[in-house]
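Structure first, then comments.
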Amino acid sequence: LTLIVAATTARGIGKHGNLPWRLSAEMKYFARVTTRTPSGSPANTKNAVIMGRKTWESIPPKFRPLKGRINVVLSRSEDVLLTSSLKNALLLLSKIGISGTQHSPSSSHEQKLNRAYVIGGSSVYNEALKLSQTRHVLLTKVYKDFDCDTFFPIDLEGETGKSDGWRRQTKKELEVFTGEDFGQSVERQSQGDVEFEFCLFSK
């Protein structure tokens, strides 16, 4: 299980249910990484993105569901219920490959699951961080202060993160994990007056 998140140095990730910044390069990175499967994978292999109801609702309707990925939404509201907890979501995803949908056992609908990414929000991240199968966090560090009311649960490089076993990986390890090629680019990128950096933490 992999978490993917963009956060300020103060761990801010959102304001009023939306991203406080507009970083097109970061959004394209998110789309590529969460969609990409290993070369040579069967055509029916997909990644899953797991999110809370508020994160789902923050995605513009024209982009829902996120294309090319299995979308799993956690909600305790009956009218939008897909699954009520992260553990149930993982149980649901464990059945992918047996049948690609809950309604049709036909082999033509079978899908194979590659990776599952948790994409928010804060309470879902918090739940995921407590699971033993959560081994990676793809963090985009945003080096500008934004007014946020939602935060990532822990500082991965702080005392809590270190005591939980999180360690930052090298740029090469980030490239291998994501399939991205950063070439000779500097670690920090910028868009407008906002600097940001792609990182991988593992344990």
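Reminder that position 45 of the sequence shown reads as 45 in the UniProt record's numbering, one-by-one numbering, no gaps. Cβ coordinates follow ideal geometry from the N, Cα and C atoms, glycine included. Values in this document were obtained by computation on a predicted structure and should not be read as measured data.
Taking all protein chains in view, the Cβ of F63 is surrounded by fewer than 16 other Cβ atoms within 10 Å, so the residue is classified as exposed. The beta carbon of Q191 is closer than 6 Å to those of L23 and A25 in its chain, skipping five residues each way along the sequence. The beta-carbon distance between F146 and P20, rounded to whole angstroms, is 4 Å. This is short enough to meet the 8 Å contact definition.
Non-local C-beta neighbours of L66 in its own chain, meaning closer than 6 Å and more than five positions away in sequence, comprise V49, ordered along the chain. When rounded, the separation of the alpha-carbon atoms in E175 and A43 is 23 Å.
When the five nearest sequence neighbours on each side are left out, the beta carbons in the same chain lying within less than 7 Å of the beta carbon of F30 are those of I4, in order along the chain. Here the alpha carbons of G183 and G165 stand approximately 29 Å from one another. Annotated three-state conformation of E127 is helix, per DSSP. Residue range T45 to G52 is occupied by the beta strand (DSSP E) that includes T45, with no alpha helix (DSSP H) assigned at that position.
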